[in-house]
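Asker:
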Amino acid sequence: MILKPKVLVLKTDGTNCDEETAFAFNLAGGDVKIAHVNDLRNKKDSLRNYQILAIPGGFSYGDDVVSGKILAIELTSFFSEELRKFIERKDTLIIGICNGFQVLVRTGLLPFRNLGKMDATLTNNDSGHFECRWINLRIEKNSNCAFLKNLEGNFVSYQVAHGEGKFFADKENIRKIEKENLVTFRYVDQNGKPTQKYPENPNGAINAIAGICDPTGRILGLMPHPERFVRVEQHPNWRRPDAKKPQGLPIFQNMINYINKLK
Amino acid sequence: MMHTIRVLSKDSIFETSPKITTAKVYRVEGISGKQSKVLAKKLFCEKINQEYTLDKPIIRKASAVIEISYKPGVMNPEVASIIKSANDLNIYPTAADSSYEYGFYGKITKDKAYEIIKALGLFNKTVEYIVEIPPKTLLIKGALGKTTIVPIRKMGDEGLLSLSKDKLFLNLPEMKIIQKYFIKIKRDPKDIELETIAQTWSEHCAHKTFKAKLIVDGQYKKPLIERIKKEALKHKKNILSAFVDNSGVMNFYDKMAICGKVETHNSPSAIEPYGGAATGSGGVFRDILGTGRGAKTIASTDIFCFAKPDMNLSKLPVGCLPPKYLLKRVVDGVRDYGNRMGIPTNNGSVHFHDDFRAKPTIIVGAYGITPVKNSQKGEAKKGDIVVAIGGKTGRDGIHGATFSSAEMTDRTINVNSQAVQIGNAIEEKRMSDALIEASGENIIRAIQDCGAGGFSSAIGEMGEATGVSIALEKAPLKYQGLSPWEIWISESQERMVVAVSKENLSKFIEVCKKYNTETTVLGYFDASKKLKVYFKKQLICNLDMKFLHHGLPQRIMIARKSNKKKEISSKKLYSPKSKKEWIEIVKKVLSHENICSKEPIVRLYDHSVQGTNALQPFNGEKLDGPNDAVILRPILDKPYGMVISHGLNPILNRIDPYWGSIWAGAEAISNYVAVGGDYKNACLINNYIWPFPDEESLWSLDKSVDAVVNLMKVLKIPVISGKDSLSSTYKGKDGTVIKIPPVLCMSIFGKIKDVGKTCSADFKKSNSILILVGKMDYGNLGGSIYYDTQNIVGDNVPKINLKILPKTLRAIQNGIRRQKILSTHDVSEGGLITAIFEMCVGGNMGADIDIGKIKNTKDDYILFNETAGCFIVEVKNEDIAENLFKNIPYVILGTTQKGNSLYVRNKNRILFSVQVEELKKVWQEPMGKIFN
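Going down the list, the protein sequences come from chains A and B. Position one of the first sequence corresponds to residue 2 (my numbering), numbered consecutively onward. Position one of the second sequence corresponds to residue -10 (my numbering), numbered consecutively onward.
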């Protein structure tokens, strides 16, 4: 029997998308555990035991100061070494969704794997408020991401639910991100073109960036929630004649397949 | 040493006139200058888009700078995170705080700046203050308050009444019973004992009106609650627990149970809408958590009534907040608490009438799931440990408490003794995570929320059967200076009390520790049948449980129909005559505050967190068509559905409390059935938000309860939970009395086997057949939106035919289950035309309607009548219509149409035709203007 890839869904105070994220990985064929960051701090569990680390959505520590900050400081203060070892292994992937993306950016793991140094940020939506709505995305062609190959060029509909999702970096870093093909998802309009228009671009993100990966392509972060579309009836229009297949599930399946193929 | 770090974001300038910039201010005490720099760089400021200063101003060249901070003693939820993160960075502050600074550019005085801050709603003086002189310390000091003895035994009537007034809120006969008790036990009570009795006997906790014997128009009638319970328990096939726990529990599938609770938080929200609404949500979520031996909260509903947002503010009574501000801040409060807790808010409504100007009605519901084996209310056993869990105790919500001047420091003088709370959702989230895990491990014996009455009511109730002994000095406090009685009755948020056996105590504490939730052992349950509270070994409260819980005599209350003649406006209804007039009036109805799209509010709530949502609040081609109810799939890998909905109509209630209440119930059930809910497998929750029960208001309350009992009889389903809040009367100092419209909010929740066989309201196909199903009461338009657009109230509310209603509901259910119904929407406020319009929006198509087959009434009555319990249904062809609805009244109205036009005709006479887009614009505008 093939052992299922081991997935750690990391939670802390205020994490609230842990169960549906675990469910998505389960559907995709992962062996999933939800663990509290305190279990890692107390050495009851360790990143060593896993191939996939998922940091789910929510409001870690209330998103106090700025979103994801307090957890990012906790991770860089106590897990620098463990995280470094984890990403240096070739059989590992990391995904950060929504608040998880905010955490990854604030640890410096995204965009450039500079643990402890921020090169980009996710800041307040231009609208000034939290927004929960389904939006359209394009999965970028030729992105560096190691597990989106068969999906490149696809248009998908996911839900966003955030107040601090505007991707922002200085000009030089944006240029670098684009040049190194780190952009994986962009908000698009009805015609499939990247857009700065609200609400299609729900937060005013620069270059309509909704998700990015690191240069190795094994760390992915995105603001929209693929785990909220792993079954048909999670989409608002599944009763309409042109119902869509669950477009979030392939992300999780691809991650599991990536690990399985290494075996 | 205290250091102040100010952080400015590069994009923080509002292009308002005048220009305003905003900066965040962090004060951290007990750290060195070097450490403050570390915190600034690593925690507070991100140099990509921010800059900071240490101990000096950051807003430069502004003509005025105003700092607004929480008042000392009001819990700032951010502080705990700041201290945690500092500790993670190896820095250990003694205290911290955060606040905002606003800088104004251009020629502007400080007074003008202050006015702008107020106008923008950035300052609420109940919980915030303007920092003129920066605080020297953030530590709140105070000496321990004393316990005093009250010489009640010697008091005459006057003495008893003055003791009660402003403090205990009991009437003279009740005060005399207390006096008698202490004469009998031969001692005078301590303050904490009187407070405990007053809390337990308060209207809020004891529901004296609902339990009272009634004399209605001279006839004796059984107590309201007894009548509700008696009928409810006749329909108990799905009931697991009703009227005994913090929520009502019904059977689900696979040995699981679902539960529901609906609460109001009107008074706190009227004073501080953000904190009031947030803590209202927090409280009702804890009710679910405190159900059985711990249930998981899976959904939240929000239902509000306000004055119209554009009401002339000269109509606002003294001391009341403007309705637009209330609306925005209440929504913010529900948003921030629900979103942070990760509980989807996916069903709700907002109602507007200027008579809510004196006090809004804020209703928040919560729903949960738990294994059947944990669904019964737990009972503490002798020897079990009393564990307090969650937040610390402060002076929150204690009325009339003041620091005595001798104990004041320069800091305490600012402490607001009646602090309205802000709520800390993350505190509750971690407590909830811990309790769900503990519940799963089967180590919770009993659990109770600290709501009204705090420890006093939670512990007093849990220990009723056994007796309990408490060491109150162990309770963790937010700051020093509280008297024992204040600790005992404080209503600080995010706290619960758990009974745990001795063997499981260490395991329980370990689980809580994992989730960063504080636990404190306060005492134990004994066999004394007494409530004993010690403070540092001194016995300060020693009351017989029997007296405390059963000493309060039943009230006898009189209800009488008002003989005041109702004012009936002589204004005559004007019916539209031309195509232009028709379109104009349809637009007026669709842009009415009650009818207009609430999408901008819904988008602020996370309605899909937990991944369970199987029918979103809005869907359709452009995702902007509203639905009638929410469907959840609470167990992610099972097809089972939970359906939740509600109904209310305060204006109908006021005109006719009986038929208005029937309408509310019928509306709730129609919403529920319209999405595919099976009403036979549903339970009801009734909430009465009524004016103070004087004879006239008690009369209407009695009628409303009659209606609810009758609904249960007709539909054969039970009410399993409910609440009353009988304080919707405003009394101004100048003698003005405003009775807020009475609200019966009927909520409904239940189960279906398969979420796959459900329905949404958006038109699915062009050339489908449209049918009106159900018995309309065309002639009665009293209280309708159509009337309201012409400033008419009327006294003829629509009467729902209770014989036909169950048949209609069954036919709709059946059609959806057999998947013969493509879309359906119930007829509600705004009438038939509003329902069809909303279905057009979802389907992004038009319709061609002919009302010529409806006889003996008028065109405008047909389009705008609001009889609940009727449905607009889309089916493929007329044969299906005949097959589904042959035994009930139905009329074929027309067809859905490709394109965007809505045609309405009476046979060959076209009343009007209009573009759906044109109507949509006016329908979306009102809330868009406020929230976008």
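Note that beta-carbon positions come from the ideal geometry of N, C-alpha and C, so glycine has one too.
Classify residue 82(A): buried if its beta carbon has 16 or more other beta carbons within 10 angstroms, exposed otherwise.
Answerer: exposed
Asker: Does DSSP classify residue 593(B) as helix, strand or coil?
Answerer: coil
Asker: Starting from the beta carbon of residue 17(A), find every residue of chain B whose beta carbon is closer than 9 Å, and list them in chain order.
Answerer: 328, 329, 330, 331, 332, 418, 595, 598, 599
Asker: Between the region 324 to 335 of chain B and the region 213 to 232 of chain B, do three or more beta carbon pairs fall short of 8 Å?
Answerer: Counting C-beta pairs closer than 8 Å gives fewer than three between the region 324 to 335 of chain B and the region 213 to 232 of chain B, which falls short of the contact rule.
Asker: DSSP state of residue 59(B), grouped into three classes?
Answerer: In the structure shown, residue 59(B) falls within a strand segment according to DSSP collapsed to helix, strand and coil.
Asker: Using a Cβ-Cβ cutoff of 7 Å, what residues of the region 53 to 64 of chain A are near chain B? List them in chain order.
Answerer: 59, 60, 62, 63
Asker: Please work out which residues of its chain come closer than 8 Å, Cβ to Cβ, to residue 142(A), disregarding the five sequence neighbours upstream and downstream, and give them in chain order.
Answerer: 153, 154
Asker: So with Cβ pairs under 8 Å, would you call residue 235(A) a contact of chain B?
Answerer: yes
Asker: What distance in whole Å lies between the Cβ atoms of residue 823(B) and residue 579(B), which are believed to be in contact at a cut-off of 8 Å?
Answerer: 7 Å
Asker: Between the region 71 to 95 of chain A and chain B, which residues of the former have CB atoms less than 8 Å from a CB of the latter, in chain order?
Answerer: So the list reads 71, 74, 75, 78, 79, given in the order they occur along the chain.
Asker: Apply the 10 Å Cβ neighbour rule to residue 37(A) and answer buried if 16 or more other Cβ atoms are within range, or exposed otherwise.
Answerer: buried
Asker: Quick check on residue 392(B): does DSSP put it in helix, strand or coil?
Answerer: Low confidence applies here, because residue 392(B) scores a pLDDT of 30, under 50, leaving its location unreliable; read the following figure in that light. Reduced to three states, the DSSP call for residue 392(B) is coil.
Asker: Quick check on residue 146(A) - is its C-beta less than 8 Å from some C-beta in chain B?
Answerer: So no, residue 146(A) is outside the interface.
Asker: Could you tell me which of 645(B), 829(B), 684(B) sits nearest to residue 770(B), measuring between CA atoms?
Answerer: 645(B)
Asker: To be precise: take each residue of the region 747 to 764 of chain B, compare its Cβ to all Cβ atoms of chain A, and keep it if any distance is under 9 Å. Which residues remain?
Answerer: 747, 748, 749, 751, 753, 754
Asker: Taking CB distances under 8 Å as the criterion, tell me whether residue 242(A) reaches chain B.
Answerer: For residue 242(A), the nearest CB of chain B lies under 8 Å from its own CB, placing it at the interface with that chain.
Asker: If contact is defined by three or more beta carbon pairs under 8 Å, each pair taking one atom from either stretch, is the region 582 to 600 of chain B in contact with the region 304 to 324 of chain B?
Answerer: yes
Asker: Consider the Cβ of residue 131(B): report whether some Cβ of chain A lies at a distance smaller than 8 Å.
Answerer: no
Asker: I need the DSSP call for residue 33(A), collapsed to helix, strand or coil.
Answerer: strand
Asker: Can you pull out the residues from the region 159 to 191 of chain A whose beta carbon lies closer than 8 Å to at least one beta carbon of chain B?
Answerer: 160, 162, 169, 170, 171
Asker: Taking 8 Å as the CB-CB limit, is residue 133(A) close to chain B?
Answerer: With 8 Å as the cut-off, residue 133(A) counts as an interface residue toward chain B.
Asker: Return the chain-ordered list of same chain residues with a C-beta closer than 6 Å to the C-beta of residue 498(B), the five sequence neighbours on each side being excluded.
Answerer: 508
Asker: Under 8 Å, with one C-beta from each stretch per pair, do the region 557 to 574 of chain B and the region 763 to 780 of chain B reach the 3-pair mark?
Answerer: Yes, the region 557 to 574 of chain B is in contact with the region 763 to 780 of chain B.
Asker: Rounded C-beta distance between residue 834(B) and residue 763(B)? I'm assuming under 8 Å.
Answerer: That belief does not hold up - the Cβ atoms of residue 834(B) and residue 763(B) are roughly 24 Å apart, past 8 Å.
Asker: By the three-class DSSP mapping on this structure, what secondary structure does residue 642(B) have?
Answerer: The answer is helix: DSSP assigns residue 642(B) an H, G or I state.
Asker: Given residue 168(A), which residues of its chain have a CB within under 7 Å of its CB, disregarding the five upstream and five downstream residues?
Answerer: 121, 123, 206, 207, 210
Asker: What span of residues does the alpha helix (DSSP H) with residue 823(B) cover, start to end?
Answerer: 820 to 832
Asker: Following the continuous alpha helix (DSSP H) through residue 103(A), name the residue where it begins and the one where it ends.
Answerer: 100 to 108
Asker: Whose Cβ in chain B lies nearer than 8 Å to the Cβ of residue 121(A)?
Answerer: Within 8 Å Cβ-Cβ: 37.
Asker: In chain order, what residues of the same chain have a beta carbon less than 8 Å from the beta carbon of residue 118(A), not counting five sequence neighbours either side?
Answerer: Excluding positions up to five away in sequence, the list reads 109.
Asker: Please go through the same chain and pick out, in chain order, the residues whose beta-carbon is closer than 7 Å to the beta-carbon of residue 42(A), but skip the five residues on each side of it.
Answerer: 79
Asker: How do the region 453 to 462 of chain B and the region 344 to 358 of chain B stand: do at least 3 beta-carbon pairs fall below 8 Å, yes or no?
Answerer: no
Asker: Going straight from the alpha carbon of residue 395(B) to that of residue 230(B), what length do you get?
Answerer: The predicted position of residue 395(B) is uncertain, since its pLDDT is 26 and thus under 50; no value can be drawn from it.
Asker: Go ahead and label residue 91(B) buried or exposed: buried means 16 or more other beta carbons lie within 10 angstroms of its beta carbon, across all protein chains shown.
Answerer: Sixteen is the threshold: when 16 or more other Cβ atoms of the shown chains lie within 10 Å of the Cβ of residue 91(B), as they do, the residue is buried.
Asker: Can you list the residues of chain A that residue 206(B) reaches, using a CB-CB cut of under 8 Å?
Answerer: Within chain A, no residue has its CB atom less than 8 Å from the CB of residue 206(B), the nearest being about 50 Å off.
Asker: If you reduce the DSSP assignment to three classes, tell me which class residue 259(B) lands in.
Answerer: It is helical.
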